[in-house]
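Residue numbers (this note's numbering): 14 to 433.
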C-alpha cells in the first residue's frame with residue numbers, strides 16, 4: 014500500500030501533484046491545508062474523497078483520497094476525529110479482513126494546546142495498524158531537527174506512551190528550510206511492514222512543503238508468493254501414457270445425480286482432473302527475467318515503446334512497404350522520445366543539485382533521482398532481544414552498559430603486548 018502525504022496549501026493550485034501520484038502509483042493521498050469550501054470541494058478523478066474542511070473559513074482543511082480498488086474498501090471514521098482539530102480518519106479493510114487506520118491531522122504552528130489535545134486523543138483512541146501522517150509543526154531531535162519546540166516535546170511524550178514510531182528519512186519537509194515537520198508515524202506492530210519512507214524533495218509539486226511517500230508491504234496475513242517462486246505444471250515433461258491410464262481410471266466410475274447442481278458437478282469434475290494433474294504432471298519454477306527501466310523512463314517513452322512493439326509485430330506478420338515505413342517511423346519516434354526524456358531528466362537533476370543547500374542534500378537528491386526504489390528507513394533503538402525501546406531510561410541503560418560496563422574496559426581481556 015502506497016501512501017502520499019503533502020501539505021498542498023490549496024489543492025487546486027498544487028500543480029505537479031497528479032503526475033507524482035501516477036509516477037509512484039499511489040493508493041492513498043493524504044492532504045493538509047486543502048483550502049476546501051462548499052463552492053470548491055476536493056475532487057480527484059474517480060477516487061473516493063473524505064474531507065474535513067476548516068469551519069467557516071476557506072483556508073485549512075484536511076482530506077484523504079482513496080484510489081478505487083477491488084482489494085480493499087474504505088470507511089470514514091468520524092468518531093476518531095476531533096471537532097477542535099482539523100483531521101480526517103479513514104479505515105481501510107482488506108479482503109482478508111485486515112484493517113489499516115489512516116489518520117491525517119493538521120496542527121498549525123504555535124498552537125501547543127491543540128498539539129496537547131491531539132496527543133491525549135492519540136493516547137486514548139489509537140489502536141494497532143494505524144498510520145498517522147500530517148503537518149504537525151513539531152520539531153524534535155528524534156527526527157533530525159536542529160532545534161526542538163513545544164509541539165515536538167509533547168509529541169515525543171505521546172509517542173513513548175502510545176508506542177508510535179517516526180519513519181521519516183530525516184530530510185527537510187519544507188523548501189528552503191531545514192525543518193522536518195511533516196511526519197509519517199506508525200504503530201509499533203507495522204514497523205516490519207514499512208518498505209520505505211521517502212521525502213520527495215526531487216519532485217516538483219507547487220507547494221512550500223515537500224511530499225512524504227510511505228510504502229507498506231502487502232497488508233494481508235498471507236504472503237503472496239512471487240511469480241518466479243510459484244510452481245507451474247510442465248506439460249512437456251508429462252508421461253502421456255501414464256496420464257491416459259490415470260484419467261481413465263479416475264473418470265470411468267464417475268457418477269452424477271439428478272439433484273446435483275451444475276456447480277457441484279463441475280467441482281467434482283475439477284477435483285478429479287486436478288488430482289490426475291498433481292499425480293502425473295511434474296511442476297517447475299520458471300525464472301522470469303525482470304526488466305528494470307532506466308531512471309529517465311517516462312510515460313511518453315512508454316507509449317512510444319508500445320507503438321514500436323506493435324509495428325514490429327505487424328511487420329513480422331506482413332512484410333509490406335507500408336508496414337516497413339510505419340516501423341521506421343516508430344523507431345525514429347521512439348529514439349526521439351528517449352533523447353528528450355534523457356534531456357529532461359538531466360535538466361531536472363542539475364536543477365535539484367544546484368538548488369541543494371549542502372553536500373548531504375545533493376547526495377540525497379542524486380540517489381532519489383537515479384533509483385526507482387530505495388529504503389530510507391531510520392532504524393529504531395533496539396535492545397539485545399530485538400525489542401524496540403521507547404523510554405529514554407531504557408535507552409540510557411543500554412548505552413551505559415555498552416560504553417561503561419563492557420568487556421573492552423577490563424584490562425584482563427587484553428594481553429601484555431597490547432597493553433604495553
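All C-beta atoms, glycine included, are put in the ideal place defined by N, C-alpha and C.
Is it right to say residue 24 is buried, meaning 16 or more other beta carbons lie within 10 angstroms of its own, or is it exposed? Stepping through the chain shown from its first residue, residue 24 is reached at position 11. Looking at its Cβ environment, which holds 16 or more other Cβ atoms inside 10 Å, residue 24 is buried.
Beta-carbon proximity check, residue 182 vs residue 227, cutoff 7 Å: Taking the first residue of the chain shown as position 1, residue 182 is located at position 169. Taking the first residue of the chain shown as position 1, residue 227 is located at position 214. Contact flag unset, no.
7 Å Cβ cutoff met for residue 216 and residue 33: Reading the chain shown from its first residue, position 203 is the one you call residue 216. Reading the chain shown from its first residue, position 20 is the one you call residue 33. Between residue 216 and residue 33, the C-beta spacing is below 7 Å.
What is the rounded straight-line gap between the Cα of residue 55 and the Cα of residue 400? Counting from one through the chain shown, the residue named residue 55 turns up at place 42. Counting from one through the chain shown, the residue named residue 400 turns up at place 387. Whole-angstrom Cα-Cα distance: 42 Å.
Just the Cα atoms here: how many angstroms apart are residue 98 and residue 314? As a position in the chain shown, residue 98 is number 85, starting the count at 1. As a position in the chain shown, residue 314 is number 301, starting the count at 1. One Cα belongs to residue 98, the other to residue 314, and the distance between them is close to 45 Å.
Straight-line Cα distance separating residue 253 from residue 288: The residue given as residue 288 occupies position 275 in the chain shown. The residue given as residue 253 occupies position 240 in the chain shown. Going by the C-alpha atoms only, they are around 15 Å apart.
Quick check on the DSSP output: the beta strand (DSSP E) that includes residue 228 runs from which residue to which? As a working note, residue 228 is residue 215 in the chain shown. Looking at the DSSP string, the run of the beta strand (DSSP E) that includes residue 228 is 225-229.
Simplified DSSP state of residue 124, which is helix, strand or coil: Taking the chain shown and counting its residues from 1, one reaches residue 124 at position 111. DSSP places residue 124 in coil when its eight states are reduced to three.
Please name the residue in 327, 333 and 312 whose C-alpha comes closest to that of residue 353. Within the chain shown, the letter at position 340 stands for residue 353. Considering only alpha carbons, the answer is 312.
Taking residue 50 and residue 66 to be in contact with their CB atoms under 8 Å, please state how far apart those CB atoms are, rounded to whole angstroms. By 1-based counting over the chain shown, the position of residue 50 is 37. By 1-based counting over the chain shown, the position of residue 66 is 53. At roughly 6 Å, the Cβ-Cβ gap stays under 8 Å, so residue 50 and residue 66 are in contact.
Evaluate contact between the segment 76-83 and the segment 33-48, counting only Cβ atoms and requiring at least three cross-stretch pairs below 8 Å. Between the segment 76-83 and the segment 33-48, the count of Cβ pairs shorter than 8 Å is three or higher; the stretches touch.
Please list, in chain order, all residues of the same chain as residue 235 whose beta carbon is under 6 Å from its beta carbon, the five residues on each side excluded. As a working mapping, residue 235 is identified with position 222 in the chain shown. Note on residue 235: pLDDT 43, under 50, position unreliable in the model; no value is reported.
Assuming residue 175 contacts residue 225 (C-beta within less than 8 Å), just tell me the rounded distance between them. Numbered from 1 along the chain shown, position 162 holds the residue referred to as residue 175. Numbered from 1 along the chain shown, position 212 holds the residue referred to as residue 225. Not a contact, Cβ separation roughly 20 Å.
So residue 122 packs on residue 100, CB below 8 Å; how close in whole Å? Taking the first residue of the chain shown as 1, we reach residue 122 at position 109. Taking the first residue of the chain shown as 1, we reach residue 100 at position 87. 16 Å between Cβ atoms; not a contact.
Looking at C-alpha atoms only, which residue of 250, 148 and 324 is the closest neighbour of residue 20? As a position in the chain shown, residue 20 is number 7, starting the count at 1. When only C-alpha atoms are compared, the closest one is 148.
Taking one C-beta from the segment 191-205 and one from the segment 155-164 each time, how about it: are there three or more such pairs within less than 8 Å? Yes: the two stretches touch, three or more of their Cβ pairs being nearer than 8 Å.
Whose C-alpha, out of 167, 317 and 153, is nearest the C-alpha of residue 161? In the chain shown, residue 161 corresponds to position 148, counting from 1. Taking each of 167, 317 and 153 in turn and checking the Cα distance to residue 161, the smallest one comes out for 153.
Taking the Cβ atom as the reference point for each residue, do residue 307 and residue 250 lie within a distance shorter than 7 Å? The sequence position of residue 307 within the chain shown is 294, counting from 1. The sequence position of residue 250 within the chain shown is 237, counting from 1. Their beta carbons are not under 7 Å apart, which means residue 307 does not touch residue 250 by this criterion.
Please look up how many angstroms separate the CB atoms of residue 5 and residue 221, rounded, as I've assumed it's under 8 Å. Beyond the ends of the chain as shown, which are 14 and 433, falls residue 5; an answer cannot be given.
Distance CB(residue 173)-CB(residue 164) smaller than 7 Å: Working through the chain shown from its first residue, we reach residue 173 at position 160. Working through the chain shown from its first residue, we reach residue 164 at position 151. Between residue 173 and residue 164, the C-beta gap is not smaller than 7 Å, which leaves the two residues out of contact.
Check whether the Cβ atoms of residue 90 and residue 102 lie closer than 7 Å to each other. On the chain shown, position 77 is the one that residue 90 refers to. On the chain shown, position 89 is the one that residue 102 refers to. Yes, the Cβ-Cβ distance between residue 90 and residue 102 is below 7 Å.
Through-space distance from residue 198 to residue 310, alpha-carbon basis: Translated into positions along the chain shown, residue 310 becomes position 297. Translated into positions along the chain shown, residue 198 becomes position 185. If you take the alpha carbons of residue 310 and residue 198, they lie about 32 Å apart.
To the nearest angstrom, how far is it from the Cα of residue 166 to the Cα of residue 116? For the purposes of this step, residue 166 is identified with residue 153 of the chain shown, where counting begins at 1. For the purposes of this step, residue 116 is identified with residue 103 of the chain shown, where counting begins at 1. Cα-Cα distance, rounded: 20 Å.
Per DSSP, what kind of secondary structure is residue 15 in: helix, strand or coil? Position 2 of the chain shown holds residue 15. Three-state DSSP puts residue 15 in a strand.
Through-space distance from residue 334 to residue 83, alpha-carbon basis: Counting from one through the chain shown, the residue named residue 83 turns up at place 70. Counting from one through the chain shown, the residue named residue 334 turns up at place 321. The alpha-carbon of residue 83 is positioned some 46 Å away from that of residue 334.
Reduced DSSP category for residue 256 - H, G, I as helix; E, B as strand; rest coil: Against the chain shown, residue 256 aligns to sequence position 243. Three-state DSSP puts residue 256 in a helix.
Under a three-way DSSP split, which group does residue 364 fall into? Position 351 of the chain shown, counted from the first residue, corresponds to residue 364. Helix, per DSSP.
As assigned by DSSP and simplified to three states, the class of residue 199: Numbered from 1 along the chain shown, position 186 holds the residue referred to as residue 199. Looking at residue 199 - three-state DSSP - the assignment turns out to be strand.
Euclidean distance between Cα positions of residue 109 and residue 368: Here residue 109 corresponds to residue number 96 of the chain shown, with the count starting at 1. Here residue 368 corresponds to residue number 355 of the chain shown, with the count starting at 1. Each residue's Cα considered, the two are about 46 Å apart.
Just curious, the alpha helix (DSSP H) that residue 322 is in, first and last residue? Position 309 of the chain shown, counted from the start, is the residue given in the question as residue 322. It spans 312-330 - the alpha helix (DSSP H) in which residue 322 sits, taken as one unbroken run.
So what does DSSP say about residue 385, is it helix, strand or coil? Indexing the chain shown from 1 puts residue 385 at position 372. The pLDDT assigned to residue 385 is 49, lower than 50, so where the model puts this residue is not dependable, and the model offers no usable value.
What does DSSP give as the partner residues of residue 44 in its beta bridges? In the chain shown, counting from the first residue as 1, residue 44 sits at position 31. In DSSP, residue 44 forms a bridge with 19 and 76.
Residue range of the beta strand (DSSP E) that includes residue 119: Taking the first residue of the chain shown as position 1, residue 119 is located at position 106. 112-119 is the span of the beta strand (DSSP E), which, as asked, contains residue 119.
Looking at residue 347 and residue 321, is the spacing between their C-beta atoms short of 7 Å? Here residue 321 corresponds to residue number 308 of the chain shown, with the count starting at 1. Here residue 347 corresponds to residue number 334 of the chain shown, with the count starting at 1. Yes; because the gap between Cβ atoms is below 7 Å, this pair is in contact.
Pull the bridge partners of residue 61 from the DSSP assignment, please. By 1-based counting over the chain shown, the position of residue 61 is 48. Paired residues: 79.
Cβ shell of residue 10 (< 7 Å), same chain only, five flanking positions each side left out: With the chain covering only 14 through 433, there is no way to say anything about residue 10.
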